[in-house]
Every structure is written in structure tokens, then in C-alpha cells.
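Student:
Shown next, in the form of C-alpha cells:
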């Protein structure tokens, strides 16, 4: 069936419709005013059918629309110039005034606006609707002060009347509603990305009140939640995110954002509940939420595609969520749960998900994951398992660390414009990677040393601490070097403590002195130094150090201990294990010594 009325109804197959449009528009038959309204309506239906097919790409300019506009100019005897699409629309709408062409041209204009919205050409859409409104009423005021110009223009656009005998695959009235919603959504996302949060919130709320499916509505509420979160309004953010889940329970990004808000609020229990629900939901094939909206060939989801939206609506992998559960439990001292989640995560990777690690935003390097798991195992009393976990880190970094690591005093990114900048940048990146590997390997030895110490194996502990101390390091202010220096500090104190246990007081003294060179005045190192000096019968030095340590306030001690950048999670437990050796017996002995020395001086 190639009858024009059949193509108008949208019931013909795509191939006859394509033939009809191609015959009328593209093969050079003369354009005639009597058949031009029918021709433009057929073109409108055909382009809608094309946009609605699964393999179509709605973005980009529609060549069919351009050819249709040229046919209009040809039929009206207007000059055909080599114009761009925007200029072509301006010429047609300003010069073609035939009443019978206004309705099909307006419908085609709405379709053009959809194409441009899908390509984020909001300025082009604004200009087009300004032309459409001018064609209807030259005296119309487009926008009141404070109103959004594009939304005002779309709202004011008079939808062309559709005759009873005219059958469209999607009415212009419905298309107008979708254009309005998409324009509000897109502008809201642009303002959100630009940091104009109040404006973004207003536009996204406008989009939420528009014409869209439940899936899109849930996405809009998710974006509203993210906007409120960035505005510093967590409770408002949670309301929007909960609303998103109520509208579409498959909008799992809303659940992940809610967990992030609970994390900011410090509500650990609720955050972990949200992450657990997210993990369970990702493992199930939930049915799609039912939609009460009619099925249209062009919908809001076809028109709104931005990198920000893709980022905000990113679906996390189950293994990624499992890692975050492990990390949050470890951060909050729930070591038993942390161990379970870390082992589950590693098990998921062994089941064939190793290739996904590189795209999991919540997961750091696998070396850090192993170290965090070792920290959790060690804190839960599973010291031998922690040693084994660290052995995996050491094995993985064996071939990654150069025999001699050379680092300049200042590792700064070179100017991109300078000759050889790309090569220099690559070398810089390699050096940073080497430093990271060195830090992971050192942390592995540190954890093993502390685990052996907990098992009462001082000689084994000293061996592992010594391996850590022997690794190269440099004086540098880069974060990686700061971590290495902190590891070296903790290792020297840890090894010194084991030397004291073994009665090797001179070696212990050297370690504590070296640790104070790394971090002058570090309270734990200074306290152990006093012990070592006293055991070596260097009482005067021990008393002087004890007095100096006693004169520092607790606030100063805490500031000294927490100085610098925050430690990686896998080192936090190591820091906590370096406790102050508060010995009342030693304190009394030093006090007695000082009193005796004072009496001898006075006499």
C-alpha cells in the first residue's frame, strides 16, 4: 500500500513510506503547492517513525527536514540559497506566509527542535521557537523578566490544529510537552554542572512537573537530590532521592547517592543498610517499573544525553558496592563485618570479575585492597591470615619496583608547551607509580611485622620491620613520599619496641633516635626513647627527655601525631598500634632520680 493517506496514518511499512518520501522529496519531482501540506505531513510521520526505531540515532540534523524546507521554497518560488539549517528556517518562516503551510511547517519545526535538543543546541531551539512565535503574533512578548526564555517560548507556542481526517503518529501537542520537559531537564543539568545550584534546582523541579515516563521522572528526582546535596542540604537531598525510588524502584543510582548522603551525615547504620540494599538489588533482575504514560516515538529519554547525566546515573557493579561496604565497616571499627566483606569482594573477583576492577570508581588499586583486608584481619585477631594477605602484596610488587629508585627533589608536572613535555610527563607518571608500589610493599612488611609481634614472635617481627626499613626513600614533599616516611616512622618505632622486648637496648635506642629524625618530637618515639635510655643506664639523658615530654600538652601531642595529609586506610590501624608506653614505675623512678639529683645539687 503506497497510498498517501496510509502513510499519513503511520500504518504502512517503513519501506513504502521511504519510497514515497524519497519519490516526492529527493528524486526531483516538481514541488506543487496543492500537495505540499500532504508531502510535509508524510515527511513528519516518516521522520517520527525513523526516530522511534531502536537502531536510529536522533542526534544531528535531519536531512529530510532540510530537503522539505527547500521544497517549500521551490513551490513558493523563493530563491534557494546555500543556507545552513538555522538560516533556512529563518528564511522559510519569514517569507512563506501561505495559511495552508503554517500547520505542517510548525509540526516540522517541533521535530527540528527535538533534533537540536538531542544535540544540546539550546540556542538553536530558542531561536527557532522565537521565529515560530513571531510568525504567529509579531507583537507577542516572549518572556517576562525572571522567566526562562526557552521554556516561556515553548509554553507560548500555539500548537497547530489537527484536522479530523489527519492522522499523525505522534501529535504536535504531545511533542510540545516532551520538548518542554526535555528543555527544562537539559538546562537544569547545565546549571548543575556550572555550579548554579538554585537555578538548577528550579529548572529540574520544572522538569519533574512535565510530561515524562516514570523512568525519566525518577532520573530527574535523582538529579534534584544530587543538586540539593551539592547545595549543602542533605535532608532535602534525601527527600528527592527517596521520591526517585518511590517512582521507579529500579533507579538504583538514587540508592547509591542516598548512601553517600548518609555517609556525609555520619549515619553509618543507615548508610550500610542502603549499601546492602543496593548490593542485593544489583544481584537481582527486577521487573521494570510500570508506566502509565502513553508510548511515544519521541520521548524525553531520547532527547536528554549529557556526560553529567551519565555520571550521575552510573550503575555500580555488585563487587564495587561490596568493596565499599568493606571499606565503610573498616573505617568505623566494625572489623568482623569488614573481614567478611573484603573476603567476599576478593571471592567475586576470583569468580571472573578481575577485568572489571579498572572501571570500578569506588575501588582503589588492588594492592591497597589487599592491605586494607590485611588490616581488618589483623584487627580481628587473624594475624596469620593478615601475614598471608600481605605476602600477596609483596609478591605482586616484586617486579614493579626498580632496583634503584631515583626521585628528584621536586616532582612537578612540566609545562605542556615545552619540548618533550609528553615524555617528561610519562616519566613523572612512572616515578609516581614506582613510589606507590614502594609504599604498598613497605606497608606489607609493616603489617607483617606488627602481626608477628602480636603473635609474640619478636625475631620474625624484627626481620619484617628490617625489610621495610631497608627499602629506599627520598626527601620529597609529594604525597607518596609522605606516606613512605610515615611507614618508615612506624616501622622504626615498631622494630625498636621489639628490640626492647629482646633486650637489645642499644639497637632499640638507635631506632627511636632515627624515628625522631623523621618526625621530630613525635610523642610515641620520644616516650620509647626515654625507656631505652633508662634501660641503658643513661639516666640523666632519660630524665631530660622525660621532662621535655612531660611539658608538652596533650593537644600538642595529638597535633604532632596527626600532622600531614590523612593516612591511607590501610595504615590507620598501624598508627593506632604504636601506643604510648605509659609506665608508672618508670615515671616514679625518674621522679625519684630528679629529686635526688636536686638534693645533691643544693647540698
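Residue numbers (my numbering): 220 to 822. All C-beta atoms, glycine included, are put in the ideal place defined by N, C-alpha and C.
Identify every run of the alpha helix (DSSP H) within the region 536-564, keeping only runs that are complete inside it and at least 4 residues long; order them along the chain.
Tutor: 537-550
Student: Would you decide whether residue 379 is buried or exposed? Buried here means 16 or more other CB atoms lie within 10 Å of its CB.
Tutor: buried
Student: Candidates 470, 457, 465, 501: which alpha carbon is nearest residue 482's?
Tutor: Among 470, 457, 465, 501, the Cα nearest to that of residue 482 is on 457.
Student: If I'm right that residue 330 touches residue 266 with Cβ under 8 Å, what's the distance once you round it to whole angstroms?
Tutor: 6 Å
Student: Could you compute how far the alpha carbon of residue 816 sits from the alpha carbon of residue 706?
Tutor: 39 Å
Student: Which residue marks the beginning of the alpha helix (DSSP H) containing residue 614, and which one marks its end?
Tutor: 602-616
Student: Taking the C-alpha atoms as reference points, what is the distance between residue 797 and residue 734?
Tutor: 12 Å
Student: Do residue 476 and residue 502 count as a contact pair if the criterion is CB distance below 8 Å?
Tutor: It is not a contact, given that the beta carbons lie outside the stated cut-off.
Student: Using the Cβ count rule (16 or more neighbours within 10 Å means buried), how would you classify residue 715?
Tutor: buried
Student: With DSSP collapsed to three states, give me the class of residue 366.
Tutor: It is coil, neither helix nor strand.
Student: Does the region 805-814 come within contact of the region 677-685, defined as at least 3 CB pairs closer than 8 Å?
Tutor: no
Student: Would DSSP call residue 835 helix, strand or coil?
Tutor: Only positions 220 to 822 of the chain appear in this structure, which leaves residue 835 out of reach.
Student: Using 8 Å for Cβ pairs, my map puts residue 591 next to residue 549. What's the rounded Cβ distance?
Tutor: 6 Å
Student: What do you reckon, are the CB atoms on residue 544 and residue 471 nearer than 8 Å?
Tutor: Contact flag unset, no.
Student: Between residue 285 and residue 651, what straight-line distance do the alpha-carbon atoms span, to the nearest angstrom?
Tutor: 54 Å
Student: Between the alpha carbons of residue 768 and residue 680, how many angstroms are there, rounded?
Tutor: 28 Å
Student: Just to confirm my understanding: we take residue 774, look at its own chain, exclude 5 residues before and 5 after, and list those with CB closer than 6 Å. What are they?
Tutor: Reliability of the predicted coordinates at residue 774 is poor, the pLDDT of 46 falling under 50, and the value obtained from them is presented with this limitation in mind. Excluding residues within five positions, none has a Cβ falling inside 6 Å.
Student: Does DSSP classify residue 517 as helix, strand or coil?
Tutor: Residue 517 falls in the coil class under three-state DSSP.
Student: Can you tell me whether residue 622 is helix, strand or coil according to DSSP?
Tutor: In this prediction, residue 622 has a pLDDT of 49, which is less than 50 and means its spatial position is unreliable; nothing more can be read from the coordinates.
Student: Going by alpha carbons, who is nearest to residue 547 out of 270, 441, 581?
Tutor: 581
Student: Residue 488 lies in the alpha helix (DSSP H); which residues open and close that run?
Tutor: 487-501
Student: Within 10 angstroms of the Cβ of residue 655, are there 16 or more other Cβ atoms? Answer buried if so, exposed if not.
Tutor: buried
Student: Beta-carbon within less than 6 Å of residue 803's beta-carbon, same chain only, minus the 5 sequence neighbours each way: which residues are those?
Tutor: So no residue of the chain qualifies.
Student: For residue 488 and residue 478, I'd like the C-alpha separation in whole angstroms.
Tutor: 10 Å
Student: Between the alpha carbons of residue 596 and residue 588, how many angstroms are there, rounded?
Tutor: 12 Å
Student: Quick check on DSSP: helix, strand or coil for residue 676?
Tutor: coil
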